[in-house]
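Q:
Residue numbers (full-length UniProt numbering): 1 to 452.
1. Going by C-alpha to C-alpha distance, which of 257, 240, 95 sits closest to residue 249?
2. Quick one: what's got a C-beta closer than 8 Å to residue 289's C-beta in the same chain, skipping five residues either side?
3. Does the beta-carbon of residue 39 have 16 or more other beta-carbons within 10 angstroms, so that it is buried, or is it exposed?
4. Smallest Cα separation from residue 237: which of 385, 282, 366?
5. Can the beta-carbon of residue 113 be found less than 8 Å from the beta-carbon of residue 159?
6. If residue 167 sits next to residue 79, beta carbons under 8 Å apart, how far is it from one beta carbon to the other, in whole angstroms?
7. May I have a chain-ordered list of the alpha helix (DSSP H) segments no shorter than 4 residues that lie completely inside the stretch 183-241?
8. DSSP state of residue 448, grouped into three classes?
9. Out of 370, 281, 331, which has the shortest C-alpha to C-alpha gap to residue 386?
10. Tell me, please, which residues DSSP counts as bridged to residue 431.
11. Count the other CB atoms, across all protein chains shown, that sit within 10 Å of the CB of residue 427; report buried if there are 16 or more and exposed otherwise.
12. From residue 355 to residue 149, what distance separates their C-alpha atoms?
13. Tell me the DSSP secondary structure of residue 91 in three-state form.
14. Within its chain, find whatever has a CB closer than 8 Å to the CB of residue 320; leave out the 5 residues flanking it on each side and keep chain order.
15. Thinking C-alpha only, which one of 335, 413, 363 is nearest residue 389?
16. Any contact of the stretch 54-67 with the stretch 401-417, i.e. 3+ C-beta pairs under 8 Å?
17. Considering just the uninterrupted stretch of the alpha helix (DSSP H) at residue 383, what are its terminal residues?
18. Drop a sphere of 10 angstroms on the beta-carbon of residue 438, count the other beta-carbons inside from all chains shown, and report buried for 16 or more, exposed for fewer.
19. Do you know how far the Cα of residue 220 is from the Cα of residue 391?
20. State the beta-bridge partners of residue 243 as determined by DSSP.
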């Protein structure tokens, strides 16, 4: 038994030794782990103390340009809203064609606007008030400071607007226009027609010199797209079966849920469109202005939707969601020119009148046998003009000058696009054949289907 007692004593001794030595080892490890952390923190503090502090001017510059970039992203994302609205309001057999046109409005539009459009819209000292060309591509950046925009971010914001003007037409000519001809139209409008009229106001041209005011583009963007769409719809003629035996025969859209989603996307995107047009975000005054702009945008959209719903309900006996959706967009278009310069109550009035106008415009097109599948002209053309005129009625701007600008720019867009569409028609490249139209442009133009 002596050997057992000896072994037991040895094990007991080892346990005692380990019990006393383990805390010391743990303490040593913790000590070695914490020491470098203290050293890194001290180094970081030293580096921070050595870094120069940003000036208020640099902070304002960074904020203005970063926020404008985010607004440009919102405006660009509006293309998905247009794609959803246009495809949802049209036959399923033309879905791919519509989506493809929206995609190329951006892809081709960005390239042509980069090449010549930006230089035409902002020619600087090379402009004579009516026409000018600054440079190919994007100019060099100047000194950073409050209210100064880097040319690169300014380009991103402006090209998103240009693509918006172009894509408005897609819905008006849906279901019967050749894809190749649409590409030609889109390139011409984005690269030449839109930048020239944009220069008249936003580039310091003759309308700007007269005092014409269009804050975010009721006329410069939306009316241009709406009247270009009207020209296309007139030259193309209606879709097969749209007007039978002298009577209107509506062709229902294939996915109203999709169209509704598109309207909500556009509504959200408008918070980049309108508040972004403030172009400066730092400081109390700019912050207050942006909040007013956003609130007026919201009120006008909501009132437009309600007004269109009520009027459609009274006329047809049942509430029509397609009318209400177009009413929301009409309110947004109407407030775009003046969202920074009217009160909340005036914004409600502008949106409500726009909601009434869009319903009247849709009915007028039906009476005139003009086929506009998504109501592009009533929403963007008619309510765009209303936005320009309303700026003179409710804002502190000359009404006569507002009427002048609200007529000249849309008429210019209409007739230039009318000539282009007529040329394409004369050479037989505007409209697809009757067989291809009945088959659907997805199959006839692209050889594929959106749904299986």
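Quick reminder that beta carbons are idealized off the backbone N, C-alpha and C, glycines included.
A: Taking the geometry as given:
1. By 1-based counting over the chain shown, the position of residue 249 is 249. For the residues 257, 240, 95, the minimum Cα distance to residue 249 belongs to 240.
2. Locating residue 289 in the chain shown gives position 289, where the first residue counts as 1. 278, 340, listed in sequence order.
3. In the chain shown, counting from the first residue as 1, residue 39 sits at position 39. Residue placement at residue 39 cannot be trusted, given a pLDDT of 49 that sits under 50; what the coordinates show is reported in the next sentence. Answer is exposed; the Cβ neighbour count stays below 16.
4. Sequence index remark: in the chain shown, residue 237 carries index 237 (1-based). Out of 385, 282, 366, 366 has the C-alpha closest to the C-alpha of residue 237.
5. On the chain shown, position 113 is the one that residue 113 refers to. On the chain shown, position 159 is the one that residue 159 refers to. Yes. Within cutoff.
6. Within the chain shown, numbered from 1, the residue matching residue 167 stands at position 167. Within the chain shown, numbered from 1, the residue matching residue 79 stands at position 79. Right, their Cβ atoms sit about 6 Å apart.
7. 194-201, 206-210, 224-236
8. As a first step, residue 448 must be located in the chain shown, where it is residue number 448. Three-state result, residue 448: coil.
9. Walking along the chain shown from the start, residue 386 turns up at place 386. When each option's Cα is compared against that of residue 386, the closest is 331.
10. Along the chain shown, read from residue 1 onward, the residue named residue 431 stands at position 431. BP columns for residue 431 point to 177.
11. Here the question's residue 427 lines up with position 427 in the chain shown. Counting Cβ neighbours within 10 Å, residue 427 comes out exposed, since fewer than 16 surround it.
12. Here residue 355 refers to the residue found at position 355 when the chain shown is read from its first residue. Here residue 149 refers to the residue found at position 149 when the chain shown is read from its first residue. Using only the alpha carbons, I get a separation of about 36 Å.
13. Sequence index remark: in the chain shown, residue 91 carries index 91 (1-based). DSSP places residue 91 in coil when its eight states are reduced to three.
14. Residue mapping note: residue 320 aligns to position 320 of the chain shown, counting from 1. Once the five neighbours on either side are set aside, the close Cβ partners of residue 320 are 309, 312, 313.
15. Position 389 of the chain shown, counted from the start, is the residue given in the question as residue 389. Put simply, of 335, 413, 363 the residue whose alpha carbon is nearest the alpha carbon of residue 389 is 335.
16. no
17. One-based indexing of the chain shown puts residue 383 at position 383. Per DSSP, residue 383 belongs to the alpha helix (DSSP H) from 383-394.
18. Translated into the one-based positions of the chain shown, residue 438 becomes position 438. By the 10 Å Cβ count, residue 438 comes out exposed.
19. As a position in the chain shown, residue 391 is number 391, starting the count at 1. As a position in the chain shown, residue 220 is number 220, starting the count at 1. Each residue's Cα considered, the two are about 14 Å apart.
20. For the purposes of this step, residue 243 is identified with residue 243 of the chain shown, where counting begins at 1. Note: residue 243 sits in a beta bridge opposite 248.
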